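Just below is one structure, and these are the notes that go with it.
See the structure below:
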């Protein structure tokens, strides 16, 4: 009897090819598209036209397709968190929250209701059995430029045995598009979706102003010693490491290095002041073990598009302290720090 698998489908080429690959591997594939917000947003992975693309692909492949409403969950766990982070001088990553609560939370619950053996997505990463650790592990994708293991670190550990990621073994996006072409999929050349699916223009500042109590309030721009250098128009408009748009002149370039929410101050400094050697990580999710018992040498990645750098991680109460071998630049509160050993994700959490 075929194993049943629930595949998250956005109407894009990645999830569509995932359906082909899983079907060829002998699974009984069921496609699901999540309705996450109101309206038709061009370039979004979850709009009406994308839902129709997913349905057309499923019809073409002769597999069932369902569209389910998760708008309330998306607002609670993704949009409200996005707003709350900016209100508290943090820089969020909504894709990570969506993965945790929607794709590997609500969707997994639906898979259980449908008596599916597995769930699957079109992410570029791998789930493989490790003889060393005697369990399934999350690993970087072969396609280094497309690797998405960073945004998957907070999946529940028990899902490592229930999750299939069929794209992880391929070396490039071009290979995936070629498979789509060979199967005459109408989405073979569909562009990739934008990063923040619920913000039509990409203007997150306008989104915050129109959908929350966050408003433009002037305050001082100060240096690390408290000297006033200029005026800002709202702390939510800035992020750590930002250089452009500060509206102040100086002999050497100045960058955003921090915030003082209580005083409504934006703190700036020279480039060397962006570098730090240690920071705290909270809300940690482990994929190799249940708890870090002693210090461990790992590589730490603090942005989706950044490199991973060597560091020591040590228990710090309920949190983890990261101590870099060499100071690193623009570590940003609200982003995630993900811990790697070679190409294996061992866990990660939120930067404090």
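Residue numbers (our numbering): -3 to 348. Where is the CB? At the ideal position from N, CA and C, for every residue including glycine. Treat the numbers as computed from the prediction; the structure is a model and nothing was measured.
Worksheet item: Would residue 7 pass as a contact of residue 150 if the rule is Cβ separation under 9 Å?
Response: No.
Fill in: Supposed contact pair residue 184 and residue 25 - C-beta distance, whole angstroms, cut 8 Å
Between residue 184 and residue 25 the Cβ distance is about 19 Å, and since that is not below 8 Å, they are no contact.
Item to complete: Assuming residue 252 contacts residue 266 (C-beta within less than 8 Å), just tell me the rounded distance between them.
Response: The distance from the Cβ of residue 252 to that of residue 266 is about 12 Å, inconsistent with a contact at the 8 Å cut-off.
Worksheet item: If we ignore side chains and look at the alpha-carbon of each, how far apart do residue 347 and residue 324 end up?
Response: When only Cα atoms are considered, residue 347 and residue 324 end up about 14 Å apart.
Practice prompt. Assuming residue 213 and residue 227 form a contact by the criterion Cβ under 8 Å, report the distance between their Cβ atoms to the nearest whole angstrom.
Written response: Contact doesn't hold; Cβ gap of about 11 Å is too wide.
Discussion item. Which residues does DSSP list as the beta-bridge partners of residue 131?
Written reply: Answer is 126.
Worksheet item: According to DSSP, is residue 229 helix, strand or coil?
Response: Of the three classes helix, strand and coil, the one that applies to residue 229 here is coil, per DSSP.
Item to complete: Can you check the segment 6 to 92 for any beta strand (DSSP E) of at least 3 residues that lies completely inside it and give the ranges in chain order?
Response: As far as the segment 6 to 92 is concerned, its whole beta strand (DSSP E) runs of at least 3 residues are 24 to 31, 61 to 65.
Worksheet entry | Residue interval of the beta strand (DSSP E) (run including residue 170) | For residue 170, there is no enclosing beta strand (DSSP E); the enclosing alpha helix (DSSP H) has its first and last residue at 169 to 178.
Item to complete: Can you give me the start and stop residues for the beta strand (DSSP E) that residue 109 sits inside?
Response: From DSSP, residue 109 is part of no beta strand (DSSP E) but of the alpha helix (DSSP H) over 103 to 109.
Worksheet item: How many angstroms separate the CA atom of residue 36 from the CA atom of residue 171?
Response: Because the pLDDT of residue 36 is 49, which lies under 50, any placement of that residue in the model is unreliable, and the question is left without a value.
Item to complete: Tell whether a beta-carbon distance below 9 Å holds between residue 70 and residue 32.
Response: Closer than 9 Å, so yes.
Fill in: Strand pairing of residue 311, partner residues [DSSP]
Per DSSP, 316.
Item to complete: Please determine if the segment 111 to 123 and the segment 302 to 315 are in contact, where contact requires at least 3 C-beta pairs separated by less than 8 Å.
Response: These segments do not touch.
Item to complete: Would you list the one or two residues that DSSP bridges to residue 136?
Response: For residue 136, which the question treats as bridged, DSSP gives the partners 121.
Worksheet item: Can you name, in chain order, every residue of its own chain whose Cβ lies under 6 Å from the Cβ of residue 220, other than the five neighbours on each side?
Response: Only 265 meet the Cβ criterion.
Worksheet item: Between 201, 125, 242, which lies nearest to residue 284 when the distance is taken from Cα to Cα?
Response: Checked all of 201, 125, 242; the closest Cα to residue 284 is 125.
Worksheet entry | Where residue 348 sits in the DSSP three-state scheme | Collapsing the DSSP output to three states places residue 348 in coil.
Worksheet entry | Minimum C-alpha distance to residue 331 - residue among 287, 46, 280, 289 | Residue 331 has its Cα closest to that of 280, out of 287, 46, 280, 289.
Fill in: Segment contact flag, the segment 333 to 341 with the segment 285 to 296, C-beta cutoff 8 Å, min 3 pairs
By the Cβ criterion, the segment 333 to 341 is in contact with the segment 285 to 296, since at least three pairs of Cβ atoms, one from each stretch, lie closer than 8 Å.
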